[in-house]
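Report on one structure; see the data block that follows.
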Amino acid sequence: MLSSFFYTLKEINQTVSKMALKGEYAVLETTNLKKMFKKNVAVSDVNLYLDKGESVGLLGPNGAGKSTAISMISSLVKPTAGDVTWHGKSVVKDPNVIRMYLGVVPQDIALYKELTAVENLRFFGRIYGLKGKALESQMANVLEIVGLTERKNELVKHYSGGMQRRINIAVALLHEPEIIIMDEPTVGIDPQSRNYILEMVQKLNQEKGMTVLYTSHYMEEVERLCDRIYIMDHGKVIASGTKQELTSILSSEETIWIELDRSYPDLAAELNEMEGVLRVTETDNGIKLITPKNSRLLGSIFQAAERQQVQITSLNVQVPTLEDVFLHLTGRKLRD
Amino acid sequence: MKSIFLLQLQRLRREPLMVLSMLGMTFIFVFFLGGFKTYGQLDVPVYLDQSMNEEEQDALLAKLNESESYVFTETDQKTAEKQVALGDAAFAMKGMSDNYRMLTAADDPNQVLVDQYVKQIYVEKLRLKEAEQATGDADYRSKVEAALVNAPITLTASTAEGESTSGGYSQRNHFLFGMTLFFSIYTIIFSLSKVAEEKRTGTWNRVILSPVKKLHLYIGHLAYSFMIGFLQIVFIFSVFRYGFDYEIGDNYGMILVAVACYTFAVVALGMLLLGLVKSLEQLNALVPIISVSMAMIGGAYWPIEAVSNNVILGISKVVPVTYGMEALKGISLGQSMSTLAQPLAILVVIGVLCMGIGINLMERKV
Ligand SMILES: Nc1ncnc2c1ncn2[C@@H]1O[C@H](COP(=O)(O)OP(=O)(O)O)[C@@H](O)[C@H]1O
Ligand SMILES: [Mg+2]
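Same order as they appear, the protein sequences are chains V and A.
Counting in this note's numbering, the first sequence runs from 1 upward without gaps.
Counting in this note's numbering, the second sequence runs from 1001 upward without gaps.
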């Protein structure tokens, strides 16, 4: 009697999740995700979602909590509070609901460096249950994608940084995941390799329809790759939306780039006092001003430069970037 | 599980240096400490006084050499003094008709034993002499000697460097067992430290995210380091048994069981250490400290019988090396199954405890 009652409940539950599969839930969603290490809050109240085929960016400076958030999403780390759901099912309760469908590219090169690329791929393929012809053809596939077919028999430790990054990605693609989560996959490599990887991710997303969660502290990367962006700082999502939505936060402002032959603190100080200037940031070879739109300050800037006997090499009025958005929201630069 | 195990083998094939060097070290140390000399016998140079005639001298030497623990070699006074002065011999003996002297340069634990042994011979000799004079029976001595052959009580002497009753547990065996068990600790724990390395590089997490069960991941690693340790010990024993005629006992099955129990306990201890440390560096720093102190306390360097400090004896009761040595020594002496059961059971208990606590600690870390 009692057991049949529970059985009915279970059935209802199943019906609910079947409805969910028809599109009521996002592919992946986090609700009030929080992680504390002892007394330090690494991630708090993160709510984000990914729809099928979307490419979503997680942008934030070092220590923002991106990797911690990803670890919880991919079921490696249990959240202190909150939940992660995959097609409406809790990943926290049962990690297996997501694992087969998920490819994770860790921030560090998580490979056996004393083995060759092929040996690494074969091992990771096997533990995902691939074998025989299927394994070999999948290996050939991912090697092709990351462009390492020619050098597949070399030891990973003899690879360049860029090649290691690429094989690190290849391993995550072996079992043909529905979603791939990448944690700063371009850190510390040459521009060419970086470009290769970005193009590769774009292809995976656009041609193979793979859902992508891309983490980075380079705003150019997420600007280029992602449909939507979450900006994180100090463990919190401080803004989110499409690039247009985000930059429209600053639509009432504009950025003036003053390029100089070196840094002139006195000029920066004078500009900071100037009426109508919202924020001044010094860079290595110039000064960046954020001002209200159409503030007509150019004349005053030239006069100030004249007074300080500073040679302006170029001057540029810019529409806001994500970098500016971050600066606006936090008062800091993305990369310090 | 099989993949994890095979992967470790593949990695070993690429970087075999650590395991090979531990093998090499064991061989070097066993040879160096116990390989070349016939141990268990202590050489004592003797020079004899003119107060004895040739017959008496021969009789004394024969009497002295009755023990299997010592070899008394006759030499002249000059050579003996030189040997002691140069440290070639720890001490020498001067034999006189009714008395003797020990010539020493430095303190040596064996000197007391030799001294006691020689004293006993002289006391016996003097007593017989007295009795001979008292009874006036010139044959008295030979009668007594004949009776002594079937004596109700005999005294067995032992040196501080290992018991040496009737061709049994020799110092050579002791070094073989001790050094093998000692160096295998390194091999086992360093093999297991691949777990810490994998956690750091992130390959551990990759495997966790795969359909491989965590239990199987652990078993794969544990089985690998168990196998490496087990094979290393068995290989070394085989080489010394068949290559150098070490008498490690005839019960090979029992030796394998003892080695397996010991290896299991050390693997488990490695797991406990892995659970305790925060980083691979900490583990690497800890392993030499742990293994050297365990070897010292557990009697891998010198016999546990030579230790009298109660604290150290107490600690030795929880150290796997103690029981590994005890079991191997027992087997080499042909002890019965029931005597061996105790150390082996304790090894298994230590293993189970360390493994349980170790894995728990590991899993508690984020
Ligand atoms: N295992 C950990 N133990 C303690 N603190 C941690 C741990 N992992 C991360 N943190 C802390 O959490 C914060 C977020 O780190 P992380 O998620 O790595 O940031 P990001 O990936 O954005 O650079 C940092 O302050 C970091 O020091
Ligand atoms: Mg990170």
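Heads up, the beta-carbon is just placed ideally off N, CA and C, and yes, glycines get one too.
Closest Cα partner of residue i within the set the options
i: residue 1296 of chain A; options: A/1179, A/1125, A/1078; result: A/1179
i: residue 1288 of chain A; options: A/1233, A/1087, A/1183, A/1103; result: A/1183
i: residue 65 of chain V; options: V/284, V/310, V/327, V/231; result: V/231
i: residue 1195 of chain A; options: A/1060, A/1234, A/1270; result: A/1270
i: residue 184 of chain V; options: V/53, V/58, V/32; result: V/58
i: residue 1117 of chain A; options: A/1044, A/1097, A/1079; result: A/1044
i: residue 239 of chain V; options: V/46, V/82, V/207; result: V/46
i: residue 1367 of chain A; options: A/1303, A/1346, A/1351; result: Since the first residue of chain A shown is 1001 and the last is 1366, residue 1367 of chain A is not available in this structure.
i: residue 1072 of chain A; options: A/1223, A/1234, A/1102, A/1354; result: A/1102
i: residue 127 of chain V; options: A/1216, A/1279, A/1363; result: A/1216
i: residue 105 of chain V; options: V/86, V/73, V/91, V/309; result: V/73
i: residue 176 of chain V; options: V/150, V/101, V/328, V/287; result: V/101
i: residue 169 of chain V; options: V/34, V/71, V/107; result: V/107
i: residue 1122 of chain A; options: A/1105, A/1113, A/1096, A/1108; result: A/1096
i: residue 1229 of chain A; options: A/1192, A/1251, A/1252, A/1240; result: A/1192
i: residue 98 of chain V; options: A/1211, A/1110, A/1310; result: A/1211
i: residue 1088 of chain A; options: A/1105, A/1133, A/1094, A/1076; result: A/1105
i: residue 293 of chain V; options: V/307, V/248, V/333; result: V/248
i: residue 1172 of chain A; options: A/1083, A/1329, A/1075, A/1359; result: A/1329
i: residue 88 of chain V; options: V/56, V/119, V/49; result: V/49
i: residue 1128 of chain A; options: A/1142, A/1029, A/1290; result: A/1142
i: residue 156 of chain V; options: V/147, V/79, V/164; result: V/164
i: residue 180 of chain V; options: V/196, V/201, V/194, V/195; result: V/201
i: residue 203 of chain V; options: V/43, V/55, V/115; result: V/55
i: residue 269 of chain V; options: V/252, V/261, V/288; result: V/288
i: residue 306 of chain V; options: V/264, V/199, V/62, V/193; result: V/264
Status (buried if at least 16 other CB within 10 Å, exposed otherwise) for residue i
i: residue 1050 of chain A; result: exposed
i: residue 1099 of chain A; result: exposed
i: residue 1021 of chain A; result: exposed
i: residue 298 of chain V; result: exposed
i: residue 1166 of chain A; result: Low confidence applies here, because residue 1166 of chain A scores a pLDDT of 35, under 50, leaving its location unreliable and the question unanswered by this model.
i: residue 1013 of chain A; result: exposed
i: residue 1170 of chain A; result: buried
i: residue 233 of chain V; result: buried
i: residue 1011 of chain A; result: buried
i: residue 266 of chain V; result: exposed
i: residue 166 of chain V; result: buried
i: residue 1161 of chain A; result: Residue placement at residue 1161 of chain A is poorly supported in this model, since its pLDDT is 43, which falls under 50; the coordinates still yield a value, given next. Burial call: buried.
i: residue 1174 of chain A; result: buried
i: residue 1159 of chain A; result: Its pLDDT being 47, under 50, residue 1159 of chain A is placed unreliably by the model, and the measurement read from it follows with that caveat. That one is buried.
i: residue 1164 of chain A; result: Legend: pLDDT at residue 1164 of chain A = 39, less than 50; position of this residue unreliable, no value from coordinates given.
i: residue 103 of chain V; result: buried
i: residue 1364 of chain A; result: exposed
i: residue 1016 of chain A; result: exposed
i: residue 1008 of chain A; result: buried
i: residue 1337 of chain A; result: exposed
i: residue 1233 of chain A; result: buried
i: residue 1343 of chain A; result: buried
i: residue 1308 of chain A; result: exposed
i: residue 217 of chain V; result: buried
i: residue 1356 of chain A; result: exposed
Chain-ordered neighbours of residue i on chain C, where CB pairs are closer than 9 Å
i: residue 110 of chain V; result: Among the protein chains of the structure shown, namely V and A, there is no chain C.
Handout entry: Residues with C-beta closer than 6 Å to any heavy atom of ligand 1, in chain order
Key = Listed by chain position, these are V/37, V/40, V/42, V/60, V/62, V/63, V/64, V/65, V/66, V/67, V/68, A/1366.
Practice task
Determine which residues of the region 1198-1210 of chain A have a Cβ less than 9 Å from any Cβ of chain V, and write them out in chain order.
Solution key: 1198, 1200, 1201, 1202, 1203, 1204, 1205, 1206, 1207, 1208, 1209, 1210
Exercise for the section: Note down, in chain order, all residues in the region 1001-1016 of chain A with a beta-carbon under 7 Å from any beta-carbon belonging to chain V. Expected result: The residues in question are 1003, 1007, 1010, 1011, 1014, 1015.
Problem - Those runs of the beta strand (DSSP E) which lie wholly inside the region 1029-1107 of chain A and span at least 3 residues - result: 1042-1048, 1070-1074, 1091-1095, 1100-1104
Exercise for the section: Select from the region 135-164 of chain V all residues with a C-beta closer than 9 Å to any C-beta belonging to chain A, and list them in chain order. Expected result: 155
Practice task
Select from the region 1081-1102 of chain A all residues with a C-beta closer than 8 Å to any C-beta belonging to chain V, and list them in chain order.
Solution key: none
Practice task
Pull out every residue of the region 124-135 of chain V whose Cβ sits closer than 8 Å to any Cβ of chain A, in chain order.
Solution key: Listed by position, the residues of the region 124-135 of chain V near chain A (Cβ gap below 8 Å) are 124, 126, 127, 128, 129.
Problem - Minimum length 4: unbroken alpha helix (DSSP H) runs contained in the region 1228-1302 of chain A - result: Those alpha helix (DSSP H) runs which fall completely within the region 1228-1302 of chain A and span 4+ residues are 1252-1276, 1280-1297.
Exercise for the section: Go through the region 60-92 of chain V residue by residue and report every complete run of the beta strand (DSSP E) that reaches 3 residues or more, in order. Expected result: 81-86
Handout entry: Within the region 299-333 of chain V, ranges of the beta strand (DSSP E) (whole runs, at least 3 residues)
Key = 312-318
Practice task
Can you check the region 1291-1357 of chain A for any alpha helix (DSSP H) of at least 4 residues that lies completely inside it and give the ranges in chain order?
Solution key: 1310-1316, 1320-1332, all fully within the region 1291-1357 of chain A.
Exercise for the section: Select from the region 1209-1231 of chain A all residues with a C-beta closer than 7 Å to any C-beta belonging to chain V, and list them in chain order. Expected result: 1209, 1210, 1211, 1212
Problem - Secondary structure, alpha helix (DSSP H): runs of 4+ residues fully inside the region 117-166 of chain V - result: 117-127, 132-146
Practice task
Closer than 9 Å, Cβ to Cβ, to anything on chain A: give me those residues from the region 64-97 of chain V, in chain order.
Solution key: 71, 74, 75, 76, 77, 78, 95, 96
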